[in-house]
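Please read the structure below before turning to the comments.
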Amino acid sequence: GTHYLHFTLSGPPRAPSQPLIIILPGVTCSVTQWSAVVRLLSPHYPVLTYERAGYGLSTPSPLLPTAENIVLELYTTLGILEIEGPLVLVGHSFGGVLVREFVHLLREKRAAGEVGAGVGVEVAGVAFIDANQEGNHVLWPNPAWAPIEQGLDFWEVTGVRAETKLTDTEWEEMISVTSTTQYAVTAQREMEEYVPSMNVLGQKRQFEMQPALLEGLPVGVLKARTVRDHERLYREGVRRGNGSEMVRQAMSEKLGWYDEVDGRLQRELLKLAGREGGRWVETAGSGHWVHMTEPEVVVEVVRWVVE
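According to full-length UniProt numbering, the sequence shown holds residues 1 to 307 in order.
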């Protein structure tokens, strides 16, 4: 092997056909953000969390961190660990792209008649948590907003630090994992592959598939208010005198239509569930980091998918 991925299994011993929950965090995100969700899920369900290559105890990968490569590494590792389906995939943000690439990879393996490691893996349900899809680059990233966000403490200004349900210990762990040089290098590499990965997924035209990609499976879609984070950053940046008038106006205009487009893009994920099987949930009580600030809302959606 060229590198190691660090996996953690929580919860009760798994019965033979019991679904295993796997959490797929967003771009540049450590799975330590999910401690509160795991704490709420693991008394009832087996949960698998892992750090992608280059984060935490997982060593860097020689492969570029494209969505396709990330899920290939996950698939390979599940095979090595002899973990079989059914799986319930929970994808937050860019993790929503990873979920769909993973399902695509499983189909390819099956179509090719591959046997051996990881072949028993099947997806039994999906929870999309404020998830991205291939159209998301119209919303984010926004390098032009950098002057306004200059010097702001992201977690403080967005209110996540004040509203988090992570314990102090869990928060410290998350901060320490994401403060290393290795983390910064990996996060930068992931960001470089973010938009290209969207485009590669888009070429697969999953929204047009008949039957639907996840036909017959429970698919939960939870939308939070990501625009709230950007609004808070905007207000504080402007208060500090950051950004030119032109940059401010551009950001302000985009924030005016951001949430409507965000909702439309996330609703489209329900198409993947076909006619039945989809459930739409919205929370106005959180920004994008809903798993850290309202873990109970996330757990409710995941529980619905599992049950």
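Even for Gly, the Cβ is constructed at its ideal location relative to N, Cα and C.
message = Please classify Ser-244 as buried or exposed, where buried requires at least 16 other C-beta atoms within 10 Å of its C-beta.
response = The residue labelled residue 244 in the question sits at position 244 within the sequence shown. Per the 10 Å Cβ criterion, exposed.
Buried or exposed, going by whether 16 or more other CB atoms sit within 10 Å of the CB of Ser-286?
For the purposes of this step, residue 286 is taken as residue 286 along the sequence shown, with counting starting at 1. Label assigned to Ser-286: buried.
If you check the beta carbons only, do Arg-100 and Leu-213 fall under 8 Å apart?
Here residue 100 corresponds to residue number 100 of the sequence shown, with the count starting at 1. Here residue 213 corresponds to residue number 213 of the sequence shown, with the count starting at 1. Yes, they are a contact pair.
- prompt: Considering only residues of the same chain and omitting the five flanking positions on each side of Leu-40, which have a CB-CB separation below 7 Å?
  reply: Residue mapping note: residue 40 aligns to position 40 of the sequence shown, counting from 1. Within the same chain, Leu-40 has close Cβ partners Pro-295, Glu-296 and Val-299.
Review point. If Ser-30 and Glu-51 are in contact, beta carbons under 8 Å, what's the gap, nearest whole angstrom?
Key: In the sequence shown, residue 30 corresponds to position 30, counting from 1. In the sequence shown, residue 51 corresponds to position 51, counting from 1. The Cβ separation is near 6 Å, so the contact holds.
- Message: Can you give me the C-alpha to C-alpha distance between Glu-231 and Glu-149, rounded to a whole angstrom?
- Response: On the sequence shown, residue 231 is found 231 positions in, with the first residue counted as 1. On the sequence shown, residue 149 is found 149 positions in, with the first residue counted as 1. Between Glu-231 and Glu-149, the C-alpha separation is close to 11 Å.
Taking Gly-96 and Phe-128 to be in contact with their CB atoms under 8 Å, please state how far apart those CB atoms are, rounded to whole angstroms.
-> Here the question's residue 96 lines up with position 96 in the sequence shown. Here the question's residue 128 lines up with position 128 in the sequence shown. About 5 Å; that satisfies the 8 Å criterion.
Cβ distance (whole Å) where Ser-58 is taken to contact Leu-20 below 8 Å: Residue 58 sits at position 58 when you count from the first residue of the sequence shown. Residue 20 sits at position 20 when you count from the first residue of the sequence shown. Going by Cβ atoms, the distance from Ser-58 to Leu-20 rounds to 19 Å, so no, they are not a contact pair.
Relative to the alpha-carbon of Leu-48, which residue among Val-38, His-3 and Pro-218 has its alpha-carbon at the smallest distance? Reading the sequence shown from its first residue, position 48 is the one you call residue 48. Comparing Cα positions, the closest option is Val-38.
(message) Give me the DSSP bridge partner(s) of Lys-223.
(response) Residue mapping note: residue 223 aligns to position 223 of the sequence shown, counting from 1. Looking at the DSSP assignment, Lys-223 forms a beta bridge with Glu-282.
Which of helix, strand or coil DSSP assigns to Ile-22 = Translated into the one-based positions of the sequence shown, residue 22 becomes position 22. Strand at Ile-22.
message: In the DSSP output, which residue or residues are listed as bridge partners for Gly-125?
response: As a first step, residue 125 is located in the sequence shown; it is residue number 125 there, counting from the start. The partner list for Gly-125 (beta bridge, DSSP) reads Val-88.
Exercise for review: Compare the C-alpha of Ala-131 against each of Pro-12, Ile-22, Ala-224 and Glu-215 and name the closest.
Suggested key: As a working note, residue 131 is residue 131 in the sequence shown. Of Pro-12, Ile-22, Ala-224 and Glu-215, the residue nearest in Cα terms is Ala-224.
- Query: By the 10 Å Cβ neighbour count, where 16 or more other Cβ atoms means buried, how is His-3 classified, buried or exposed?
  - Reply: On the sequence shown, residue 3 is found 3 positions in, with the first residue counted as 1. Result: exposed.
Enumerate in chain order the residues of its own chain whose CB-to-CB distance from Phe-102 is below 6 Å, with the five nearest sequence positions on each side excluded. Taking the first residue of the sequence shown as position 1, residue 102 is located at position 102. Excluding positions up to five away in sequence, the list reads Val-71.
* Using 8 Å as the Cβ pair cut-off and three pairs as the minimum, do the stretch 248-263 and the stretch 136-154 touch? -> yes
* For Gln-266, which residues of its own chain have a beta-carbon under 8 Å away from its beta-carbon, when the five flanking residues on both sides are left out? -> The residue labelled residue 266 in the question sits at position 266 within the sequence shown. Hits under 8 Å: Phe-128, Asp-130, Ala-131, Gln-133, Val-221 and Lys-223.
Checklist line | Inter-residue Cα distance where the pair is Gly-54 and Glu-173 | finding: Here residue 54 is taken as the residue at index 54 of the sequence shown, counted from 1. Here residue 173 is taken as the residue at index 173 of the sequence shown, counted from 1. C-alpha separation (whole angstroms): 16 Å.
| field | Continuous beta strand (DSSP E) assignments of at least 3 residues falling wholly in the stretch 153-191 | value | none
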